[in-house]
Structures are given as C-alpha cells and as structure tokens.
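Numbering (my numbering), first residue to last: 1 to 447. Ideal placement from N, C-alpha and C gives every residue a C-beta, glycine not left out. The structure presented is a predicted model; accordingly, all values stated were derived computationally and were not measured.
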C-alpha cells in the first residue's frame with residue numbers, strides 16, 4: 001500500500017513537471033502575521049476576512065491543478081513591525097527550502113520605515129535568497145513613487161530585484177467612500193493604478209532600470225490610464241505640472257499577472273500597453289476557493305489554445321515568462337508558431353499617437369530596410385498608412401519559414417524597433433503567424 005501511494009505521488013510530481021505552470025500570485029498567511037494583526041485590531045483592515053493558509057493544502061491544490069511552482073507573497077494588510085516581517089520572511093524561506101522546486105518567495109518589508117526596509121531587503125535577498133520583494137501600493141499613506149523610497153529602490157536596483165506589487169487599502173481616505181463596495185471589487189484596481197502611475201510620473205523605473213515590477217490583477221486600470229496619461233502629458237508639461245516621462249523605459253519594466261477576471265478580451269487590452277513576454281498566470285490562492293481556481297485555470301488554458309491570436313503565447317503566459325523573470329532559465333521566451341513548410345504571414349493594424357507619427361514611420365522604414373537587406377528569410381515587411389497623414393498603420397510581414405520568423409525576432413534591429421516604439425502605440429490589433437495560402441492571400445489584399 002505504501003509503495004502504491006509513493007508511486008502515485010511520483011506520478012503526480014511527473015505530471016506537474018510536464019505541465020510546468022508557474023503561479024506568480026499566491027499568498028502566505030503566517031501565524032506571526034495573524035497574531036500581530038489581532039493584537040493591533042487590524043484583522044479586518046482590508047474589509048475581508050483572512051483565509052487560513054496551510055502548506056500541505058496548497059501543495060495538494062497545486063498538484064491537482066498542474067502547477068509546478070507558486071510564488072509566495074505576504075497577504076494584506078502590510079505589517080509595519082520589523083520583527084514580524086523578519087519572522088514571516090524566514091518562514092517563507094523555510095517553506096521554499098523544505099519543498100525544493102515548488103515554491104519561490106518575494107520578501108515583505110517593514111515600511112514606512114525606509115531604513116528598516118533597506119536592512120530587511122538586504123537580509124532577504126542576500127541571506128535568505130529571496131526571489132524578489134513584495135511591495136504594498138501604500139503603507140500608512142506612503143505611496144510607491146514617493147521620493148523617500150528612492151534609496152530603497154537604489155538597493156533593489158543594485159540587486160536586479162523582481163518586485164511584486166499588491167494593492168492595500170488606500171490611506172488616508174474617508175472610509176465612507178468604500179462602505180458600499182468591498183475593496184477587492186473595485187478600489188484595489190484604482191489603488192494599483194494609482195501606485196504605478198505615481199512611479200511612471202516620477203520616472204522611478206527609468207531611473208532604476210534593473211528593477212522589474214509585476215503588476216497584479218490583469219494590470220488593473222493601466223490599459224485605460226496609460227493612453228490617457230500619454231495624451232495629456234504634453235498639456236501637463238506645458239503647465240509645468242509634470243516633468244519629462246521616459247515612457248519606453250517605464251513600460252519596459254512593467255510585467256503583469258492575470259489573477260482575477262481574466263479573459264481573451266482582457267489580455268488583448270493589456271497587449272495594447274505591453275508585449276506577450278510580460279504576462280504571467282496568477283491564482284490569488286488562498287483567497288479564492290480551489291474549485292473556482294481550478295475552473296478558472298482550465299478556462300484560461302482552453303481559450304489560450306483556441307484563440308488564434310493568443311495561442312502562440314500559451315506556454316509563455318503559463319510558465320516560460322515567469323521562469324525567465326525569476327532566473328530559472330536564461331532563454332528569453334518566444335512565441336510558438338505553426339509548424340509548416342509554407343511561407344507565413346503576420347498582419348498588424350496599429351494606431352500611433354499623433355505626436356509620435358513621424359518618429360514611428362522612420363523607425364518602421366529603418367527596420368524594413370535592415371530586415372530585407374540582412375535576412376533572406378524575410379520576404380516582405382511592408383508598413384503602410386491607411387490614408388495620407390493617418391495615424392492608422394498596417395504592417396504586412398511575410399516569412400519564408402517558422403525558422404526565419406524566429407531568427408527575425410532575435411535580431412538587433414528588431415529588438416531596437418520593438419523597445420523603441422512600444423510607447424508610441426495607442427492601439428494594436430494583431431493577426432499573428434498564419435500559413436500563406438491562396439485563400440489567405442486573397443483576404444490580405446482585400447484589406
């Protein structure tokens with residue numbers, strides 16, 4: 001009987017390794033944390049009861065769902081005691097050590113005390129070998145982007161740290177504002193957006209370029225906020241209300257988990273401000289019932305496999321992007337494309353912000369020239385404006401083979417184009433790699 005159980009356990013482990021899903025959004029709730037909140041009368045500070053956490057139950061659900069590794073972060077609300085934070089981080093490190101390959105963790109910090117936070121960050125990253133840092137959107141009204149946090153970000157920058165954000169109750173604010181709608185239903189999204197836009201406005205991620213920040217809950221309202229910020233920046237600068245914003249550098253540092261209300265439509269909206277290699281699966285365990293989480297993950301895998309424009313990114317989103325971000329591989333993820341001996345085409349319809357139109361057209365012409373001159377596998381790379389002086393751009397790409405496409409997206413001129421133009425794009429509609437057949441040629445040229 002014992003041998004049978006052992007074999008079943010090994011089979012589960014093998015299945016998990018084969019599926020290899022990585023969950024970048026799960027929460028650790030330790031006894032030290034709960035006791036500290038009880039003593040301070042803060043158990044209901046977030047307006048929602050803390051669920052119980054048990055490592056064995058977490059592993060059981062991970063095995064059932066096919067999750068290889070979960071990234072643990074401390075739940076809200078944020079403790080301010082350095083002692084409580086230290087004990088919690090040491091508990092997380094022990095869990096990781098006792099279950100190799102199953103858990104990573106991002107350490108909590110005792111903000112708003114910046115000096116104590118710096119000390120804990122160094123201890124967690126250098127001694128405990130934490131895989132990153134968890135930061136609250138605010139702690140007692142000290143918001144991310146605040147100038148006093150620059151010294152902390154300098155330490156994180158030196159260590160090339162991954163930072164996972166999580167929303168907390170906004171402070172200071174009239175509690176009556178949120179009395180009807182629980183925080184998690186709406187205010188958490190506003191809070192996340194507020195913290196990230198603060199950092200963008202102060203160029204935090206441009207000034208500390210080695211820090212990579214994971215934004216939770218499908219990017220909150222950022223797919224709406226970023227285009228608005230871009231369009232209003234010139235007006236605000238003219239009135240000396242904001243300084244220069246390095247959009248390219250700030251957006252390049254932002255990554256996103258899909259915890260919460262994910263859908264194909266949500267992912268497409270997120271892809272208007274980022275790229276597929278910046279998206280991750282996230283569960284929000286243990287705040288959601290495991291049955292619901294399992295169904296949600298199954299639904300995600302189903303639409304990622306069936307939606308033609310998203311299918312190439314399924315492995316990237318479910319595991320490969322996170323594996324690269326947390327240093328488990330040095331291979332930068334790339335999209336799967338159809339295995340075919342025929343030529344492949346890709347059609348992008350792009351709307352450019354008017355102030356960047358001239359610059360974008362120059363960049364498109366540059367990559368067109370370099371690709372056709374240096375890559376025999378690039379048959380066509382043809383950007384056109386739908387009308388003269390229009391900000392609507394259509395780009396037709398044709399490749400000799402899958403290998404030609406894979407080579408193209410690794411070239412220096414493509415990477416320069418991608419990194420240099422992302423901030424210029426207001427909207428993107430992409431029909432990803434498809435075989436070039438008489439039927440598809442007809443549909444292309446009709447458009």
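On the criterion of 16 or more Cβ atoms from any shown chain inside 10 Å, does residue i qualify as buried, or is it exposed?
{"i": "residue 179", "result": "exposed"}
{"i": "residue 230", "result": "buried"}
{"i": "residue 300", "result": "buried"}
{"i": "residue 339", "result": "In this prediction, residue 339 scores a pLDDT of 45, lower than 50, which makes its location untrustworthy; no coordinate-derived value is stated."}
{"i": "residue 245", "result": "buried"}
{"i": "residue 138", "result": "buried"}
{"i": "residue 199", "result": "buried"}
{"i": "residue 286", "result": "buried"}
{"i": "residue 177", "result": "exposed"}
{"i": "residue 368", "result": "buried"}
{"i": "residue 193", "result": "buried"}
{"i": "residue 115", "result": "exposed"}
{"i": "residue 202", "result": "buried"}
{"i": "residue 239", "result": "exposed"}
{"i": "residue 491", "result": "Residue 491 lies beyond the stretch modelled for the chain, which goes from 1 to 447, so this question has no answer here."}
Measure how close the beta-carbons of residue i and residue j come, nearest whole angstrom, since I'm counting them as under 8 Å.
{"i": "residue 372", "j": "residue 405", "result": "Rounded, the Cβ-Cβ distance is 14 Å, inconsistent with contact."}
{"i": "residue 382", "j": "residue 361", "result": "Not quite, the Cβ-Cβ distance comes to about 13 Å (not below 8 Å), so this is no contact."}
{"i": "residue 51", "j": "residue 168", "result": "Not really, about 17 Å apart at Cβ, beyond 8 Å."}
{"i": "residue 309", "j": "residue 422", "result": "Contact flag wrong, Cβ pair sits at about 18 Å."}
{"i": "residue 253", "j": "residue 284", "result": "Rounded, the Cβ-Cβ distance is 23 Å, inconsistent with contact."}
{"i": "residue 162", "j": "residue 131", "result": "7 Å"}
{"i": "residue 451", "j": "residue 197", "result": "With the chain represented from 1 up to 447, any question about residue 451 goes unanswered, as that position is not in the structure."}
{"i": "residue 264", "j": "residue 307", "result": "5 Å"}
{"i": "residue 305", "j": "residue 314", "result": "6 Å"}
{"i": "residue 22", "j": "residue 281", "result": "7 Å"}
{"i": "residue 81", "j": "residue 110", "result": "6 Å"}
{"i": "residue 30", "j": "residue 91", "result": "5 Å"}
{"i": "residue 43", "j": "residue 37", "result": "5 Å"}
{"i": "residue 375", "j": "residue 408", "result": "6 Å"}
With H, G and I counted as helix, E and B as strand and the rest as coil, what does DSSP make of residue i?
{"i": "residue 218", "result": "helix"}
{"i": "residue 105", "result": "strand"}
{"i": "residue 256", "result": "strand"}
{"i": "residue 301", "result": "helix"}
{"i": "residue 67", "result": "strand"}
{"i": "residue 3", "result": "Here residue 3 scores only 41 on pLDDT, less than 50, and its place in the model is too uncertain to base an answer on."}
{"i": "residue 434", "result": "strand"}
{"i": "residue 139", "result": "strand"}
{"i": "residue 242", "result": "coil"}
{"i": "residue 356", "result": "helix"}
{"i": "residue 168", "result": "coil"}
{"i": "residue 414", "result": "helix"}
{"i": "residue 269", "result": "helix"}
{"i": "residue 205", "result": "helix"}
{"i": "residue 174", "result": "coil"}
{"i": "residue 53", "result": "coil"}
{"i": "residue 153", "result": "helix"}
Could you check the C-alpha separation between residue i and residue j for me, to the nearest Å?
{"i": "residue 387", "j": "residue 424", "result": "19 Å"}
{"i": "residue 34", "j": "residue 398", "result": "57 Å"}
{"i": "residue 325", "j": "residue 333", "result": "10 Å"}
{"i": "residue 295", "j": "residue 142", "result": "37 Å"}
{"i": "residue 317", "j": "residue 250", "result": "21 Å"}
{"i": "residue 271", "j": "residue 98", "result": "37 Å"}
{"i": "residue 437", "j": "residue 377", "result": "17 Å"}
{"i": "residue 26", "j": "residue 363", "result": "40 Å"}
{"i": "residue 61", "j": "residue 104", "result": "16 Å"}
{"i": "residue 370", "j": "residue 148", "result": "45 Å"}
{"i": "residue 106", "j": "residue 158", "result": "17 Å"}
{"i": "residue 122", "j": "residue 155", "result": "8 Å"}
{"i": "residue 391", "j": "residue 350", "result": "8 Å"}
{"i": "residue 473", "j": "residue 277", "result": "Since the first and last residues shown for the chain are 1 and 447, residue 473 lies out of range."}
{"i": "residue 24", "j": "residue 211", "result": "17 Å"}
{"i": "residue 274", "j": "residue 214", "result": "12 Å"}
{"i": "residue 279", "j": "residue 323", "result": "12 Å"}
{"i": "residue 410", "j": "residue 345", "result": "17 Å"}
{"i": "residue 7", "j": "residue 66", "result": "Bear in mind that the predicted position of residue 7 carries a pLDDT of just 43, short of 50, making it too unreliable to give a figure here."}
{"i": "residue 83", "j": "residue 150", "result": "23 Å"}
Checking the sheet assignment: what are the DSSP bridge partners for residue i?
{"i": "residue 295", "result": "DSSP, once it has assigned bridges, lists no residue as partnering residue 295."}
{"i": "residue 349", "result": "394, 429"}
{"i": "residue 162", "result": "212"}
{"i": "residue 279", "result": "256"}
{"i": "residue 181", "result": "Residue 181 pairs with nothing; no bridge assigned."}
{"i": "residue 132", "result": "106"}
{"i": "residue 378", "result": "399"}
{"i": "residue 26", "result": "72, 285"}
{"i": "residue 384", "result": "394"}
{"i": "residue 344", "result": "399, 435"}
{"i": "residue 21", "result": "67"}
Using a threshold of 7 Å, is the CB atom of residue i nearer than that to any non-hydrogen atom of the ligand ATP?
{"i": "residue 283", "result": "Within the structure as shown, the ligand ATP is missing, as the structure has no ligands at all."}
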